[in-house]
Amino acid sequence: MANSSLTLSSIDFDTLKTNFKEFLKTQSVFKDFDYEGSNINTLLDVMSYNSYLNSFYLNMAASEMFLDSAQQYDSIVSHAKELNYIPRSATSSSANVTLTMETSGITGAMSVPKGTRFSGTNSNGVFVYTTNEAQSITSGNTTYALSDLTIKEGDYLSDTYVVDGDIERQQFLINTVDVDTSSITVHLIENNGASNTEYTKKETLFGLGSDSEVFFVQASQNNLYEIVFGDGTFGKKPTNGSTVLINYRVSTGADADGINIFTLLDDLGPTNSGVVSSYQLTVNQNSGGGSAQEDAESIRFAAPRYFATQQRAVTNDDYSSLVLAEFSDTIDDVNVYGGQELETKLYGRVAIALNPIYGEIVPDYIKTDVKKYLEDYIALPNRVVLTDPEYIYCSLKVAAEYDIKVTDKSHADIASLISSKISAFTKSNLEKFGKDLRMSKLVCDIDAADSSVTSNFTINRAIKRIAPLLNVNTTFDIQIGNAFDYDQTRFITSELHSSSHSSDFDLISSHATVLSSFFTYTSKAGGSYQLAFIEDDDGVLGVYYNSGSDVIKIDDIGTVDYTTGRITINDLNVSSYTDYISLYCRILGGDIRASQNKILVIDPADVSITVTETRI
732 MANSSLTLSS IDFDTLKTNF KEFLKTQSVF KDFDYEGSNI NTLLDVMSYN
782 SYLNSFYLNM AASEMFLDSA QQYDSIVSHA KELNYIPRSA TSSSANVTLT
832 METSGITGAM SVPKGTRFSG TNSNGVFVYT TNEAQSITSG NTTYALSDLT
882 IKEGDYLSDT YVVDGDIERQ QFLINTVDVD TSSITVHLIE NNGASNTEYT
932 KKETLFGLGS DSEVFFVQAS QNNLYEIVFG DGTFGKKPTN GSTVLINYRV
982 STGADADGIN IFTLLDDLGP TNSGVVSSYQ LTVNQNSGGG SAQEDAESIR
1032 FAAPRYFATQ QRAVTNDDYS SLVLAEFSDT IDDVNVYGGQ ELETKLYGRV
1082 AIALNPIYGE IVPDYIKTDV KKYLEDYIAL PNRVVLTDPE YIYCSLKVAA
1132 EYDIKVTDKS HADIASLISS KISAFTKSNL EKFGKDLRMS KLVCDIDAAD
1182 SSVTSNFTIN RAIKRIAPLL NVNTTFDIQI GNAFDYDQTR FITSELHSSS
1232 HSSDFDLISS HATVLSSFFT YTSKAGGSYQ LAFIEDDDGV LGVYYNSGSD
1282 VIKIDDIGTV DYTTGRITIN DLNVSSYTDY ISLYCRILGG DIRASQNKIL
1332 VIDPADVSIT VTETRI
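Residue 732 is where the sequence shown starts when you use the working numbering, and the numbers rise one by one after that.
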């Protein structure tokens, strides 16, 4: 009796063809066929190809139905639209400059129009920058100075549409892929040009009426964006025959970052009915913050988290999701905590630490944008306090042993593998807010650097780098955020490092709780001391130096709170040091916690690795 079942356990071509062949062999009509040499072999190929292509299509179609599995960018954008998430557009690089002009014939206020053009050059080429809003400068003489001028990369373009009331859903597409959506302005021109109204950009329907002159930006197909107006209930509906004028700036993204010299391209004299005889441009903030349009994986991650905020900022996760969704081009990480945790307690406020993608501190103009953006999502004004990240560096002194019987690798090879393991550990476990250094995990990772590594003894210190002004009394208030390990039984003179040490890694092995690298110190009495250093003595910080075999205290310059990890340095006068002064701190228990705005980093320069061979 013929078998009427067909096994389909796989959808690849070869498996499909084999299954078809085995099925036909069970049928009496095809029992004696030579499947390899007959025409039916060609028919089997066609059937298998067709089945394979259909299966592939159905599988892809099913995948595109869900945000998690969708592969096509347009599908991902469509799913994000259902979550009210607008994928981030390309973002113009921004710079901040001071513009000073010498003029003649200009009286009163001087205007710097929106769209005033500048140029800047980096290794990627020449880029045009423009002002994103009009500025007015007042002066009592012929010199006009604008000290805080933000310029953004890209020229302005425009698209024009006529509203057709017969089209159910008319698209007002922005016909450029690299538009910076933050620059979009929309004007509605009605009554044959007699009425020209600038509409306001909105993201929600909250508070809108039938006459609200607003527009919305949403993603469209082919990496484009489109303008959407109200329906007459929530937001005003454009009248038939009116003209929609869309202005926007086109960006090249991050290619324009890093410019520190600019040239004014436009002559502002005729605009102001006078003459600009000369000008000077001083760069306050190098260009930065440019980025490409948000990619698929970023949308896939951000959209559900943005939706979870439900258009409000209440919980810590709400604040984090909103900031990361809107500023993912410039901000890499966010930590949100209560204002009562700040050094100067601010009850009822929200502290937000911002870690930038580029550099160490988020520029002020981006902070201003963050605050302005969050105002729409919080009930109370002036609730947000933005803080910069504070970097705590972690020094390591690694002593590892390896079995020479199980490897032919050299000391240098093993040390290199350990170094790579530490670098990987740093990238995976540190360098973000809330990422603590767990020594047990690090020690295990070092042991796993190679099968020949039998053990390692690793000690660590938290490092705070300070860079005091030269020849000026400087004060520091340093919050390490971890309790210190303090041995009251030690005698300070027996634990101080000597001037003969060749590297700062000798400091890691010291029993001192706080110990600095060397610098040249000017004492309170006016003396100059080379190879001076800071060390603690029962809660008191002093400056010391080595005189032969003797250790001599010069001045008391601060205090240490061993319980809270707070270091206070008063009136430190330094005449020279290399790059920075490192304060090495012994942490209670060894693990280093990253609280509030702290970010832990292991700099390869702060890692010492010693490898010893053994034979087991």
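Backbone N, C-alpha and C define an ideal beta-carbon position, used for all residues, glycine too.
According to DSSP, is residue i helix, strand or coil?
{"i": "residue 1057", "result": "helix"}
{"i": "residue 1224", "result": "The predicted position of residue 1224 is uncertain, since its pLDDT is 41 and thus under 50; a value taken from the coordinates is nonetheless stated next. Looking at residue 1224 - three-state DSSP - the assignment turns out to be helix."}
{"i": "residue 863", "result": "coil"}
{"i": "residue 970", "result": "coil"}
{"i": "residue 1074", "result": "coil"}
{"i": "residue 1310", "result": "coil"}
{"i": "residue 1231", "result": "Note on residue 1231: pLDDT 37, under 50, position unreliable in the model; no value is reported."}
{"i": "residue 748", "result": "helix"}
{"i": "residue 773", "result": "helix"}
{"i": "residue 917", "result": "strand"}
{"i": "residue 791", "result": "helix"}
{"i": "residue 1174", "result": "helix"}
{"i": "residue 1137", "result": "helix"}
{"i": "residue 1213", "result": "coil"}
{"i": "residue 984", "result": "helix"}
{"i": "residue 1036", "result": "helix"}
{"i": "residue 1334", "result": "coil"}
{"i": "residue 778", "result": "helix"}
{"i": "residue 1329", "result": "strand"}
{"i": "residue 1293", "result": "coil"}
{"i": "residue 994", "result": "strand"}
{"i": "residue 892", "result": "strand"}
{"i": "residue 807", "result": "helix"}
{"i": "residue 906", "result": "coil"}
Would you list the one or two residues that DSSP bridges to residue i?
{"i": "residue 826", "result": "882"}
{"i": "residue 856", "result": "853"}
{"i": "residue 1084", "result": "1066, 1118"}
{"i": "residue 870", "result": "Answer is none; residue 870 lacks a bridge partner."}
{"i": "residue 1031", "result": "Paired residues: none, contrary to the question."}
{"i": "residue 1009", "result": "833"}
{"i": "residue 1305", "result": "1201, 1252"}
How many Å lie between residue i and residue j at the Cα?
{"i": "residue 1020", "j": "residue 1093", "result": "10 Å"}
{"i": "residue 800", "j": "residue 1056", "result": "20 Å"}
{"i": "residue 1317", "j": "residue 876", "result": "51 Å"}
{"i": "residue 1142", "j": "residue 1332", "result": "26 Å"}
{"i": "residue 896", "j": "residue 919", "result": "15 Å"}
{"i": "residue 1355", "j": "residue 945", "result": "What is shown of the chain runs 732 to 1347, which leaves residue 1355 out entirely."}
{"i": "residue 1227", "j": "residue 1269", "result": "A caution first: residue 1227 carries a pLDDT of 42, below 50, which makes its placement in the model too unreliable to give a value."}
{"i": "residue 755", "j": "residue 745", "result": "15 Å"}
{"i": "residue 1320", "j": "residue 912", "result": "50 Å"}
{"i": "residue 1121", "j": "residue 951", "result": "40 Å"}
{"i": "residue 1275", "j": "residue 1288", "result": "11 Å"}
{"i": "residue 821", "j": "residue 1087", "result": "17 Å"}
{"i": "residue 1304", "j": "residue 1298", "result": "17 Å"}
{"i": "residue 971", "j": "residue 908", "result": "28 Å"}
{"i": "residue 781", "j": "residue 770", "result": "17 Å"}
{"i": "residue 1330", "j": "residue 1001", "result": "52 Å"}
{"i": "residue 980", "j": "residue 888", "result": "6 Å"}
{"i": "residue 1108", "j": "residue 1050", "result": "9 Å"}
{"i": "residue 960", "j": "residue 886", "result": "25 Å"}
{"i": "residue 1155", "j": "residue 1148", "result": "11 Å"}
{"i": "residue 1290", "j": "residue 1193", "result": "17 Å"}
{"i": "residue 997", "j": "residue 850", "result": "10 Å"}
{"i": "residue 1160", "j": "residue 1211", "result": "19 Å"}
{"i": "residue 1175", "j": "residue 1293", "result": "29 Å"}
{"i": "residue 1106", "j": "residue 932", "result": "15 Å"}
{"i": "residue 890", "j": "residue 956", "result": "12 Å"}
Taking 8 Å as the cut-off, decide whether the C-beta atoms of residue i and residue j are in contact.
{"i": "residue 831", "j": "residue 874", "result": "yes"}
{"i": "residue 1251", "j": "residue 1308", "result": "yes"}
{"i": "residue 1036", "j": "residue 1022", "result": "no"}
{"i": "residue 977", "j": "residue 903", "result": "yes"}
{"i": "residue 788", "j": "residue 826", "result": "no"}
{"i": "residue 994", "j": "residue 884", "result": "no"}
{"i": "residue 1006", "j": "residue 1206", "result": "no"}
{"i": "residue 1083", "j": "residue 1128", "result": "no"}
{"i": "residue 807", "j": "residue 798", "result": "yes"}
{"i": "residue 1169", "j": "residue 1116", "result": "no"}
{"i": "residue 1096", "j": "residue 881", "result": "yes"}
{"i": "residue 1246", "j": "residue 1315", "result": "yes"}
Under 8 Å, Cβ to Cβ, is there at least one residue of chain C near residue i?
{"i": "residue 996", "result": "Of the protein chains in this structure there is only one, and it is not chain C."}
Open item on the list: As an exercise, report each continuous beta strand (DSSP E) stretch of at least 3 residues that is fully enclosed by the stretch 1086–1134, in chain order.
Closed with: For the stretch 1086–1134, whole beta strand (DSSP E) runs of length 3 or above, ordered along the chain, are 1115–1118, 1121–1134.
Open item on the list: Which runs of the beta strand (DSSP E) at least 3 residues long sit entirely within the stretch 920–982? Give them in chain order.
Closed with: If only complete runs of 3 or more residues are kept, the stretch 920–982 shows the beta strand (DSSP E) at 926–932, 945–950, 956–960, 974–981, in order along the chain.
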